[in-house]
């Protein structure tokens, strides 16, 4: 058995990989056949084959090619075990990120349900919320968007949060004397440990689930606001004066862009 030499195909079949994978490991200098016979063919001896087993095992648990090269050069168990413990930590972090991604997608679907169940309708929501990033905002004056200061993202440490964020917009209703100017924000539906990301709570709010072509309909917001005023009059609600829009996504339907937007109108507490 221990004098047995293995061809490329033998090594491939034993490890359930393709012959191309065996050749790739050879090309990368990971596991190279060391026996050259008179016919000039190269063969894998038992040591080469065991190294290949280690390489496929490590690749299967997510270790990079370069890291495997280092692993195969270890000549004591302490270094090997220390490497494995560090890789376990990396896998634990990956598992946390995967769980975070699963949670995010579930939450996104939950929010999309409102567009399915109550499209272009008003919903009274209690204890609703969004998250916004104050370090990623611009000021809006009427139709113009202005950058008042350079955008500094050095304090935004949560890449997952910013890369999954939506376009958010906050402004005030006509006739309301509020200090806040219109703001365009990075907004999201999930929290973050980053200090510059804050939760905006809507203890009592009216939410309009808008579906349509916002930018081709200049009157859409006026129509929504009128519906909100009527709803408030019927139910004796009082608006705080500001409102928030969160643009989740757009789809092209028959060549027409269709936007999905939540518009929040916070209410005064009764």
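Residue numbers (the numbering used here): 220 to 489. Ideal Cβ positions, reconstructed from N, Cα and C, are used throughout, including at glycine. Remember, it's a predicted structure, so these values are computed and weren't measured experimentally.
Task: Bridge-paired residues (DSSP) for residue 495 - done: The structure shown does not extend to residue 495, since the chain spans only 220 to 489, so no value can be given for it.
Task: residue 423 versus residue 456: straight-line alpha-carbon distance, rounded - done: 10 Å
Open item on the list: Can you list, in chain order, the residues of its chain with a C-beta nearer than 8 Å to that of residue 248? Leave out the 5 residues immediately preceding and following it.
Closed with: 288
- [ ] Keeping to the same chain, check which residues put their C-beta closer than 6 Å to that of residue 347; ignore five residues upstream and five downstream.
- [x] 421 and 424
- [ ] Report the three-state DSSP secondary structure of residue 285 (helix, strand or coil).
- [x] helix
- [ ] Out of 464, 429, 442 and 317, state which residue places its alpha-carbon closest to the alpha-carbon of residue 389.
- [x] 464
- [ ] Identify every residue that forms a DSSP beta bridge with residue 340.
- [x] Per DSSP, none; premise fails for residue 340.
Open item on the list: Here's the rule: buried if 16 or more other CB atoms are within 10 angstroms of the residue's CB, otherwise exposed. What is residue 364?
Closed with: Confidence at residue 364 is low in this model, with a pLDDT of 48, below 50, so its placement is unreliable and no value can be given for it.
Task: Straight-line gap, residue 309 to residue 378 (C-alpha atoms, nearest Å) - done: 18 Å
- [ ] Mind checking which residues open and close the alpha helix (DSSP H) that includes residue 265?
- [x] 265–279
- [ ] Compute the distance between the beta-carbons of residue 376 and residue 404, then report whether it is under 9 Å.
- [x] no
- [ ] Report the three-state DSSP secondary structure of residue 459 (helix, strand or coil).
- [x] coil
Open item on the list: Tell me which residue opens and which closes the beta strand (DSSP E) that residue 386 is part of.
Closed with: 385–391
TODO: Would you kindly check if the distance between the Cβ of residue 478 and the Cβ of residue 330 is under 9 Å?
DONE: no
Open item on the list: Taking its Cβ as the centre, do 16 or more other Cβ atoms sit within 10 Å of residue 260, making it buried, or is it exposed?
Closed with: exposed
Open item on the list: Under DSSP, the alpha helix (DSSP H) around residue 451 begins and ends at which residues?
Closed with: 439–454
Task: Rounded straight-line distance, which links the Cα of residue 445 to that of residue 439 - done: 10 Å
Task: Strand pairing of residue 469, partner residues [DSSP] - done: 478
TODO: Tell me residue 240's beta-bridge partners as DSSP assigns them.
DONE: In the DSSP output, where bridge partners are listed per residue, residue 240 has none listed.
Task: In DSSP terms, what residue 485 is bridged to - done: 424
Task: Proximity winner among 475, 305 and 253, relative to residue 224 (alpha-carbon distances) - done: 253
Open item on the list: For residue 345 and residue 418, I'd like the C-alpha separation in whole angstroms.
Closed with: 15 Å
Task: Same chain only: Cβ atoms within 8 Å of residue 339, ignoring 5 sequence neighbours per side - done: 427, 428, 429, 430 and 431
TODO: Check whether the Cβ of residue 352 lies closer than 9 Å to any Cβ atom in chain C.
DONE: No chain C appears in this structure, which consists of one protein chain only.
Open item on the list: On the DSSP letters alone, give me the boundaries of the beta strand (DSSP E) that residue 248 sits inside.
Closed with: Unbroken run through residue 248: none, as it is neither H nor E.
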